[in-house]
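Notes follow the structure.
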Amino acid sequence: MPSKHQASRETSTINPLANSKGVKRLCEVCQKAAHLQCTKCCVTFYCDTEHQRADWVGIHERICQLLVPIRTPPPLYSLLSDRDARRAQTLLKQEQLIEISREVAQSKLSEGKYQEALPAARLSLRCAMDVYGPSAVQLVPAYLLLGEANMGLGSLPQAEEYLSQAEWTVMKKPDCGQAVRHQLHRSLGRLHTAKGNLEAALLSFANDVYYASEEYGLHSTVTCSGYFLMANVFVKQGKMPIAHSLYSEVASTWHSHLTKQFESHTDDAHKSIVSSEAPFDKAQQAEVEHMLTTILDAGEKDSRQEDTAQTALVAHCLAMLWYLGGDRLKALGFGSRALQLSKLEPNHNLTEPIQDLLQLVQKRTHTPQ
Ligand SMILES: [Zn+2]
Ligand SMILES: [Zn+2]
2 MPSKHQASRE TSTINPLANS KGVKRLCEVC QKAAHLQCTK CCVTFYCDTE HQRADWVGIH
62 ERICQLLVPI RTPPPLYSLL SDRDARRAQT LLKQEQLIEI SREVAQSKLS EGKYQEALPA
122 ARLSLRCAMD VYGPSAVQLV PAYLLLGEAN MGLGSLPQAE EYLSQAEWTV MKKPDCGQAV
182 RHQLHRSLGR LHTAKGNLEA ALLSFANDVY YASEEYGLHS TVTCSGYFLM ANVFVKQGKM
242 PIAHSLYSEV ASTWHSHLTK QFESHTDDAH KSIVSSEAPF DKAQQAEVEH MLTTILDAGE
302 KDSRQEDTAQ TALVAHCLAM LWYLGGDRLK ALGFGSRALQ LSKLEPNHNL TEPIQDLLQL
362 VQKRTHTPQ
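Per the numbering used here, the very first residue in the sequence shown carries number 2; after that it's consecutive.
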């Protein structure tokens with residue numbers, strides 16, 4: 002990422018009004034008349050250094066060179082067959098661009114960098130429009146990213162506009178997939194929650210859970226994130242028993258998922274397979290941690306005895322999560338807490354795996370690798 006100084010060095014002043022064909026050049030960020038050009042790709046323009054810098058940090062750094070073949074006009078007198086081949090190649094590159102910008106926007110959103118997510122989300126929308134047309138269902142992921150980014154920034158009317166576009170697009174395509182519908186309803190649920198329309202939020206999350214379970218299965222981690230969001234709404238409504246029962250569904254789904262991950266990880270370790278990849282990336286790890294910590298806190302606020310077992314289960318989840326994420330101290334902390342709690346209400350199915358985990362963490366902490 003260039004500093005402000007570097008960013009301005011990478012720009013040069015160009016003819017502000019027109020390119021060689023007399024077409025006005027527009028700023029990549031705000032679509033106003035451009036006065037600056039990216040000197041690395043020479044096909045991207047900006048109205049000022051601030052917008053250039055925002056775009057660089059948001060997405061341009063990743064795709065600067067990819068834009069060159071997409072945005073360079075074809076030579077005028079090329080053969081027809083050459084032109085077709087070129088068009089096919091450009092299409093492939095455009096699809097790649099849509100994919101990359103979606104991934105970048107998504108990962109910025111998961112890190113809570115809403116402002117930085119905007120350039121990537123906007124580019125993904127513009128490019129999807131170029132490739133698929135203005136009312137294609139392929140535009141929906143970009144609308145949702147823009148909706149989520151604006152929600153994160155507190156611009157609810159903007160968010161609502163993008164989500165209405167997404168809703169409208171999905172409504173006109175009855176054959177559009179379950180995965181898209183699940184994502185749409187999840188975003189709508191978040192918007193209703195932010196606006197305080199809790200009943201509407203519950204309805205959207207119920208749809209989200211329905212479509213997610215059709216696509217990924219009832220006990221998948223994707224579906225259970227929908228239960229988690231519903232539970233949070235019930236907490237806001239003060240309906241604690243139903244919130245607890247949904248939280249407990251989420252906890253048990255994650256417990257079996259993490260147990261499987263943990264077992265396959267330790268199996269690999271026994272077979273000395275070095276797995277270089279952590280099972281979660283940073284953003285996923287943060288999202289799961291947020292869910293489990295919320296459930297843990299909710300359980301601890303409730304001193305009824307039947308929650309002790311669940312709190313132990315969630316602490317065990319967090320211990321496994323941190324173990325897999327490579328933070329052994331946190332794994333040790335949550336593991337010890339899980340063991341303490343599980344002894345209050347003896348349950349060998351839980352106590353034994355916790356003890357195994359703790360032994361493993363202690364062994365690893367004392368043996369330098
Ligand atoms: Zn601009
Ligand atoms: Zn560039």
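From the three backbone atoms N, C-alpha and C, an ideal C-beta is built for every residue, glycine too.
Residues that residue i bridges to, as DSSP identifies them
i          : result
residue 47 : 37
residue 27 : 34
Candidates the options: closest to residue i by CA position
i           : options               : result
residue 334 : 354, 325, 59 and 359  : 359
residue 338 : 301, 350, 108 and 313 : 313
residue 109 : 170, 283 and 79       : 283
residue 292 : 222, 237 and 187      : 222
residue 362 : 330, 343, 345 and 347 : 330
residue 325 : 258, 295, 71 and 136  : 258
residue 343 : 323, 252, 322 and 308 : 308
residue 138 : 182, 151 and 152      : 182
residue 240 : 199, 205 and 268      : 199
residue 187 : 173, 174, 214 and 345 : 214
residue 251 : 114, 238, 205 and 300 : 300
residue 319 : 298, 193, 204 and 294 : 294
residue 120 : 101, 133 and 132      : 101
residue 94  : 173, 75, 70 and 135   : 70
residue 281 : 268, 267, 322 and 317 : 322
residue 72  : 39, 49, 347 and 180   : 39
Length of the line joining the Cα atoms of residue i and residue j
i           : j           : result
residue 364 : residue 230 : 38 Å
residue 33  : residue 87  : 30 Å
residue 195 : residue 233 : 12 Å
residue 356 : residue 327 : 18 Å
residue 43  : residue 118 : 23 Å
residue 247 : residue 54  : 44 Å
residue 236 : residue 244 : 6 Å
residue 189 : residue 216 : 19 Å
residue 354 : residue 310 : 14 Å
residue 349 : residue 112 : 38 Å
residue 130 : residue 262 : 39 Å
residue 296 : residue 116 : 29 Å
residue 219 : residue 97  : 32 Å
residue 164 : residue 140 : 11 Å
residue 315 : residue 171 : 37 Å
residue 277 : residue 288 : The pLDDT assigned to residue 277 is 49, lower than 50, so where the model puts this residue is not dependable; a value taken from the coordinates is nonetheless given after this. Distance between the alpha carbons of residue 277 and residue 288: 21 Å.
residue 154 : residue 148 : 10 Å
residue 340 : residue 249 : 19 Å
residue 145 : residue 49  : 28 Å
Ligand 1 heavy atom lying under 7 Å from the CB of residue i
i           : result
residue 58  : no
residue 173 : no
residue 176 : no
residue 36  : no
residue 33  : yes
residue 48  : yes
residue 186 : no
residue 193 : no
Contact test: residue i Cβ vs ligand 2 heavy atom, cutoff 7 Å
i           : result
residue 68  : yes
residue 61  : yes
residue 45  : yes
residue 42  : yes
residue 28  : no
residue 128 : no
residue 65  : yes
Check: residue i C-beta below 7 Å from any heavy atom of ligand 4
i          : result
residue 39 : Summarising the ligand content, the structure contains ligand 1 and ligand 2 and does not contain ligand 4.
Residue i, buried or exposed, once every other Cβ within 10 Å from all chains shown has been counted against 16
i           : result
residue 104 : exposed
residue 336 : buried
residue 224 : buried
residue 161 : buried
residue 227 : buried
residue 89  : exposed
residue 29  : buried
residue 264 : exposed
residue 52  : buried
residue 107 : buried
residue 169 : exposed
residue 56  : buried
residue 59  : buried
residue 82  : exposed
residue 254 : buried
residue 62  : exposed
residue 351 : buried
C-beta neighbour in chain B for residue i, strict 8 Å
i           : result
residue 340 : No chain B appears in this structure, which consists of one protein chain only.
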